[in-house]
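Asks: Residue numbers for the sequence shown follow my numbering, beginning at 3 and rising by one.
No residue lacks a Cβ here, since even glycine has one placed at the ideal position from N, Cα and C.
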Amino acid sequence: MESNLEILREIADIIMNSEEMRVIVEDKPQELKNKESEIDKLRKKTEQCHTQMEELRKEIAALDMELNTNRLLQKKYENQVLLVKKAKEMTALNNEIYNVKRLTDDLTVKRRQKGDEMESLAEDCAGRQEKLSEKEEEFKTQRELVEEKIAEIKPQYEALKEMKNTLLKKLPPHISAMVKTMEKSGKFQHRIMATVNNGHCGICKMQLPPQLVSEVRRAKEAKQCPYCGRILFWEKE
């Protein structure tokens, strides 16, 4: 069992020493992918905002045309009033003028509302566009830094992984499987082994059963801390 413990300690050292590299080589690309997905969502929302602005511009342009047409029509009726002499015709024209004015007033209110809506939407779009530009620039810088760092450390990281895998093959299958499970679990913080210190686990500091301490000291088989789950070993004096 002594040789297995020595192998386990070598593996534990590799896991600890390569963790920072693992984060850069394996985790950072996924983080960048997630950020890129967020930027894509922001870009789509920004595009939707600009599309809404364009549709609103068309609505406002149509309202302006209708308002202009009504004003011209009102002017036409007002000029005709000066020419008519019959009361019946005068009444009819005044009714037309009233209807046109009422429609113009309604359109003016609607035009003002659309103008306010456009102002608010333009401000929202500008904010989204500014945020998008900042995120894109930030992402570009981060990606370049990560890619540069990966190119620098990946060969060393792959060599350590290969060394670890070679050592794992030397262990009994059940111990090798236990190490792999522990390594994948975030709760161990990449510290899979713990010394026994005065009858306590060196990591979680919990007091261990005397029988377990004795078994760890004899190093007959791999034992785990019943509290934190780490593999225990006895530090020789």
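Exposed or buried, what is M92 when buried is set at 16 or more other beta-carbons lying within 10 Å of its beta-carbon?
Replies: Exposed, by the Cβ-count rule.
Asks: Going by beta carbon distance, what residues of the same chain come within less than 8 Å of R219, once the five residues before and after it are set aside?
Replies: Cβ neighbours of R219 beyond the five flanking positions: V198 and W236.
Asks: Taking all protein chains shown into account, do 16 or more other C-beta atoms lie within 10 angstroms of the C-beta of E4, making it buried, or fewer, making it exposed?
Replies: Confidence is the limiting factor: at E4 the pLDDT is only 47, short of 50, which leaves the residue's position unreliable, though a coordinate-based value still follows. When all chains shown are included, E4 counts as exposed.
Asks: For I233, which of helix, strand or coil comes out of DSSP?
Replies: I233: strand per DSSP, three-state reduction.
Asks: Pull up the distance between the alpha-carbon of E33 and that of I233, whole angstroms please.
Replies: Taking the straight line from one Cα to the other gives about 31 Å.
Asks: Mind pulling the beta strand (DSSP E) runs of 3 or more residues that sit fully within the stretch 13 to 98?
Replies: Qualifying beta strand (DSSP E) stretches: none in this window.
Asks: Smallest Cα separation from L69: which of A89, D108 and K90?
Replies: When each option's Cα is compared against that of L69, the closest is D108.
Asks: Name the residue from V102, E80 and G117 whose alpha carbon lies nearest to the alpha carbon of K60.
Replies: Measuring from the Cα of K60, the nearest candidate turns out to be G117.
Asks: Distance, Cα to Cα, C227 vs E49?
Replies: So the two alpha carbons sit approximately 55 Å from each other.
Asks: Do you know offhand how far K171's Cα is from S178's?
Replies: Looking at the two C-alpha atoms, the distance is approximately 7 Å.
Asks: In angstroms, rounded to a whole number, what distance separates the CA positions of V111 and A124?
Replies: Using only the alpha carbons, I get a separation of about 20 Å.
Asks: Apart from the five residues on each side of it in sequence, which residues of its chain come closer than 7 Å, Cβ to Cβ, to E205?
Replies: The sequence shown places Ile at residue 205, not Glu. Excluding residues within five positions, the ones whose Cβ falls inside 7 Å are R193, A196, C230 and R232.
Asks: Considering only the alpha carbon of each residue, which of Q209, K186, L169 and E185 lies closest to L7?
Replies: Here the closest residue by C-alpha is L169.
Asks: So, with DSSP's three-state summary, where would you put K103?
Replies: DSSP places K103 in helix when its eight states are reduced to three.
Asks: Using only the alpha-carbon positions, how far apart do M187 and R24 sit?
Replies: Checking the sequence, you will find Ser at residue 187 rather than Met. If you take the alpha carbons of S187 and R24, they lie about 14 Å apart.
Asks: Taking the beta carbon of S135 as the centre, do at least 16 other beta carbons fall within 10 Å, making it buried, or is it exposed?
Replies: The residue is exposed, with fewer than 16 neighbouring Cβ atoms inside 10 Å.
Asks: Only counting runs of 3 or more residues, tell me where the beta strand (DSSP E) segments fall wholly within the stretch 181 to 234, in order along the chain.
Replies: 195 to 199, all fully within the stretch 181 to 234.
Asks: When you compare only the Cα positions, how much space is there between Q82 and R73?
Replies: Cα-Cα distance, rounded: 14 Å.
Asks: Since L162 and I41 are thought to touch, with beta carbons under 8 Å apart, how far apart are those beta carbons, to the nearest angstrom?
Replies: Not quite, the Cβ-Cβ distance comes to about 33 Å (not below 8 Å), so this is no contact.
Asks: Based on Cα-Cα distance, which residue from E22, I13, I9 and Q115 lies nearest to I155?
Replies: Answer by Cα proximity: E22.
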